[in-house]
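Taking the working numbering, the leading residue of the sequence shown gets 1275, the next gets one more, and so forth.
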Amino acid sequence: MSAGRVVALLVAGLALVGFAMWIASQRHLERATLAGDLVLPDLEHHVNAVTEVALRKADGTHTTLKRNGAGWSVGERGWPADPGKVRKLLLDLGALNIVEEKTRLPANYPQLGVQDVDSPKATGTRVEVRTPARTWALIVGKSSSAKSGYVRVANAPQTLLAAPLLTVDADPKGWLDRALIDVAPERVRQVEEKPRQGPGFSATREKKEQPDFTVTPLPKGRELTSPGAADAIAGSLSSLTFDDVGKASATADAGAAHALFRTFDGLEESQNAGRPQCQYPR
């Protein structure tokens, strides 16, 4: 082999080694750049422009959160959404940053819960955040720790370990503003009760300073077990919440239990208890 050919081979070998080192450095640079980057770029600057958030699971469970003026509502229930919970979700999505790259192989998606929710066996939740100009879509998978979890941008192959840990719930009732009414017990002056069965009665006190309620009428020959036996009824509307809502029936239940609360400051609150759930007209 001639000296010229040996030199040419050495030069070619050095060039290949140099190219391989350059490729490796670029890959390292790319990975270093990804760590800390936002998963959904630009969303943090458009949180106030979001008009709708949709959450969906493979089993068909879904929720649509809609902005109504200054507030939010749960589309599937026609009821106000918990504004603090919606706000937290949007802020967490906007701040979601990459901790580490994970698998790009679809066969490994189920282990992290990030397969497409069109798959019947998918366990993750697809979240779509919509503004008039743009939509961000993300599949939220399993948690890794109390501070991070696995996610995948919809239609992208790369799975990511990201923080903060997202709390997503595709069940509509999980987003309801459950605060129904809050009347402090000391405000209540009178409660008129009409049970489903048996005679009605009223519990009354004439002044706020009066500690106990007077119950009338009492059945003949009966008396209260103690002077304060009826006092607890005044707290019936204190921090009253509910679990879920549904459409009220078109016809009223004539046999429903009924209570009318009157306060010292003039409020009258009527409550029907025909069903063990909160109802609203629609």
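Glycine included, each C-beta is placed from N, C-alpha and C at the ideal position.
A quick note: this is a predicted structure, and the numbers were derived from the prediction, not measured.
Extent of the continuous alpha helix (DSSP H) run through residue i
{"i": "G1368", "result": "P1357 to A1369"}
{"i": "L1386", "result": "Y1383 to L1386"}
Residue environment, residue i, which counts as buried when at least 16 other CB atoms sit within 10 Å
{"i": "E1467", "result": "buried"}
{"i": "R1301", "result": "Low confidence applies here, because R1301 scores a pLDDT of 46, under 50, leaving its location unreliable and the question unanswered by this model."}
{"i": "Q1432", "result": "exposed"}
{"i": "K1494", "result": "exposed"}
{"i": "P1446", "result": "buried"}
{"i": "G1415", "result": "buried"}
{"i": "A1477", "result": "buried"}
{"i": "P1398", "result": "This sequence places Gly at residue 1398; Pro is not what is there. By the neighbour-count rule (16 or more Cβ atoms within 10 Å), G1398 is buried."}
{"i": "K1482", "result": "exposed"}
{"i": "T1409", "result": "exposed"}
{"i": "S1544", "result": "exposed"}
{"i": "L1511", "result": "buried"}
For residue i, the first and last residue of its enclosing beta strand (DSSP E)
{"i": "L1329", "result": "E1326 to R1330"}
{"i": "L1454", "result": "A1453 to I1455"}
{"i": "Q1464", "result": "V1462 to K1468"}
{"i": "T1399", "result": "T1399 to R1404"}
{"i": "R1341", "result": "H1336 to N1342"}
{"i": "G1499", "result": "In the sequence under discussion, the amino acid at residue 1499 is Thr, which differs from the Gly named in the question. Taken as a continuous stretch (DSSP letters only), T1499 belongs to no beta strand (DSSP E), as it is neither H nor E."}
{"i": "I1413", "result": "T1409 to S1417"}
{"i": "A1444", "result": "First-last for A1444: undefined, no H or E at that position."}
{"i": "R1536", "result": "H1532 to T1537"}
{"i": "A1436", "result": "T1433 to A1437"}
{"i": "R1426", "result": "G1423 to V1427"}
{"i": "V1348", "result": "G1345 to V1348"}
{"i": "E1318", "result": "Premise fails: E1318 is in no beta strand (DSSP E) and is neither H nor E."}
{"i": "T1488", "result": "T1488 to T1490"}
{"i": "S1227", "result": "Residue 1227 lies beyond the range of the chain shown here (1275 to 1556); nothing can be said about it."}
{"i": "E1483", "result": "Element bounds for E1483: n/a, residue is neither H nor E."}
{"i": "K1521", "result": "V1519 to K1521"}
{"i": "Q1545", "result": "E1542 to N1546"}
Euclidean distance between Cα positions of residue i and residue j
{"i": "N1429", "j": "P1469", "result": "58 Å"}
{"i": "R1452", "j": "D1518", "result": "8 Å"}
{"i": "A1513", "j": "L1534", "result": "It should be noted that the sequence gives Ser, not Ala, for residue 1513. Straight-line Cα distance between these residues: approximately 17 Å."}
{"i": "V1233", "j": "S1419", "result": "This structure cannot settle anything about residue 1233, because the visible part of the chain is limited to 1275 through 1556."}
{"i": "N1546", "j": "A1504", "result": "20 Å"}
{"i": "P1485", "j": "A1531", "result": "26 Å"}
{"i": "L1386", "j": "D1356", "result": "29 Å"}
{"i": "R1330", "j": "K1521", "result": "23 Å"}
{"i": "Q1471", "j": "S1500", "result": "24 Å"}
{"i": "L1339", "j": "A1328", "result": "6 Å"}
{"i": "L1312", "j": "L1450", "result": "29 Å"}
{"i": "L1365", "j": "A1444", "result": "18 Å"}
{"i": "I1507", "j": "V1465", "result": "8 Å"}
{"i": "G1502", "j": "F1487", "result": "7 Å"}
{"i": "N1342", "j": "E1326", "result": "10 Å"}
{"i": "L1434", "j": "G1358", "result": "27 Å"}
{"i": "A1320", "j": "G1345", "result": "Ala is not the amino acid found at residue 1320; the sequence shown has His there. Answer to the nearest angstrom: the Cα atoms are 17 Å apart."}
{"i": "T1335", "j": "F1538", "result": "45 Å"}
{"i": "R1536", "j": "P1473", "result": "20 Å"}
{"i": "V1489", "j": "R1351", "result": "39 Å"}
{"i": "V1457", "j": "E1542", "result": "11 Å"}
{"i": "T1337", "j": "V1427", "result": "19 Å"}
{"i": "G1540", "j": "R1496", "result": "32 Å"}
Under 8 Å between C-beta atoms of residue i and residue j
{"i": "R1463", "j": "R1479", "result": "yes"}
{"i": "A1272", "j": "S1422", "result": "Lying outside 1275 to 1556, the shown extent of the chain, residue 1272 is not represented and no answer is given."}
{"i": "V1391", "j": "I1413", "result": "yes"}
{"i": "Q1396", "j": "E1402", "result": "Per the sequence presented here, residue 1396 reads as Ala, with Gln not at that position. No, the pair does not count as a contact, with Cβ atoms beyond the cut-off."}
{"i": "P1491", "j": "F1475", "result": "yes"}
{"i": "K1376", "j": "Y1424", "result": "yes"}
{"i": "E1318", "j": "A1381", "result": "no"}
{"i": "V1324", "j": "R1400", "result": "no"}
{"i": "L1314", "j": "L1379", "result": "no"}
{"i": "L1439", "j": "I1372", "result": "no"}
{"i": "P1384", "j": "A1332", "result": "no"}
Proximity test, residue i beta-carbon vs the ligand HEM heavy atom, cut-off 7 Å
{"i": "T1488", "result": "Although the ligand HEM was asked about, the structure shown includes no ligands whatsoever."}
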